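Trainee:
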Amino acid sequence: MEEGPRVKTAFKDLDEPARRVRMEATIRTYFEGCNEADVAKMAGTFHPDAVHYFPPGIGGPWRGARTIAENWRRLTLTIGSAWTIDRLITDPASHQAVIEWTHYKTKLNGYLRGDEWYAFDPDSGLITEIRAYYASRSDGRDHVELEGFDYAERGYHLSCPVSRPHPDAEYASPEPARQRKGPS
């Protein structure tokens, strides 16, 4: 007996536990794409008209799935960006999630910690909006995190767990980027 192609159940038709799993998987896939500098992987987690908002002075918002993905790829390749998801909570009933993350800027020997609020399209389950909340480096610190919070005791990474530099990074190879093959 031959089976036909598997049809992926529409997000809106999933029960709440399945939507919760799909939302978490979408966020984790997005972060994998960020760490891999994979534009297609990142963009595939977003609704085409998604918006990523940032605190003042950061140069946002970024509008559109591809723009968001290309900007993160650029930062991965220029400043050695890498991310971890430290905590993640989903609310399938409201199509929202919140995460706590660490953004390592390995070429700058620094990192910052923050939160993001996610909104998902109820039909597709794709990310429609990210609102990032974190303190900028206004006082020149290389490590931006909560003062007095014991990150080590709570199990947070204290150094970047993602291999850097990224192999496509401008600073990873003595050969000029324009001479290397691969995506730009």
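Numbering (the UniProt record's numbering), first residue to last: 1 to 184.
Glycine is no exception: its CB is placed at the ideal position from the N, C-alpha and C atoms.
Quantities reported herein were computed from a predicted structural model and do not represent experimental measurements.
Please return the same chain residues whose Cβ sits closer than 6 Å to the Cβ of residue 130, not counting the five positions on each side in sequence.
Mentor: Excluding sequence neighbours, residue 130 sits near 52, 116 and 118.
Trainee: Roughly how many angstroms lie between the CA atoms of residue 25 and residue 88, to the nearest whole one?
Mentor: Taking the straight line joining both Cα atoms gives about 11 Å.
Trainee: Could you name each continuous beta strand (DSSP E) segment of 3 residues or more that falls completely within the UniProt domain "SnoaL-like" (27-128), going from the start of the chain to the end?
Mentor: DSSP runs (the beta strand (DSSP E)) wholly in the UniProt domain "SnoaL-like" (27-128): 46-53, 81-91, 96-105 and 110-120.
Trainee: Run the CB neighbour count on residue 163, radius 10 Å, all protein chains shown included, and call it buried at 16 or more, exposed below.
Mentor: By the neighbour-count rule (16 or more Cβ atoms within 10 Å), residue 163 is not buried but exposed.
Trainee: Taking the DSSP output, what are the residues bridged to residue 134?
Mentor: DSSP lists no partner for residue 134.
Trainee: Determine, using beta-carbon pairs with one atom in the region 66-82 and one in the region 32-50, whether at least three such pairs fall under 8 Å.
Mentor: Result yes; three or more Cβ-Cβ pairs closer than 8 Å.
Trainee: Please look up how many angstroms separate the CB atoms of residue 77 and residue 166, rounded, as I've assumed it's under 8 Å.
Mentor: Rounded, the Cβ-Cβ distance is 6 Å, consistent with contact.
Trainee: Where residue 114 and residue 10 are concerned, what is the direct C-alpha to C-alpha distance, given to the nearest angstrom?
Mentor: Cα to Cα, residue 114 sits roughly 31 Å from residue 10.
Trainee: Using three-state DSSP, classify residue 165 as helix, strand or coil.
Mentor: Residue 165 falls in the coil class under three-state DSSP.
Trainee: Whole angstroms are fine: how far does the CA of residue 111 sit from the CA of residue 104?
Mentor: Taking the straight line joining both Cα atoms gives about 4 Å.
Trainee: Which of helix, strand or coil does DSSP assign to residue 13?
Mentor: Residue 13: helix per DSSP, three-state reduction.
Trainee: Between 121, 134 and 155, which lies nearest to residue 45 when the distance is taken from Cα to Cα?
Mentor: When each option's Cα is compared against that of residue 45, the closest is 121.
Trainee: Can you give the Cα-Cα distance for residue 132 and residue 55, rounded to whole angstroms?
Mentor: Their backbone Cα atoms lie some 7 Å apart in a straight line.
Trainee: Please report the straight-line C-alpha distance between residue 68 and residue 123, rounded to a whole angstrom.
Mentor: The straight-line gap from Cα to Cα measures roughly 21 Å.
Trainee: Below 7 Å CB to CB, which residues in the same chain sit around residue 93 once its five sequence neighbours on both sides are set aside?
Mentor: Around residue 93: 16.
Trainee: For residue 109, count the other beta carbons within 10 Å of its own beta carbon; 16 or more makes it buried, fewer makes it exposed. Which is it?
Mentor: The residue in question, residue 109, is exposed, as its Cβ has fewer than 16 Cβ neighbours within 10 Å.
Trainee: Cα separation between residue 13 and residue 47?
Mentor: C-alpha separation (whole angstroms): 18 Å.
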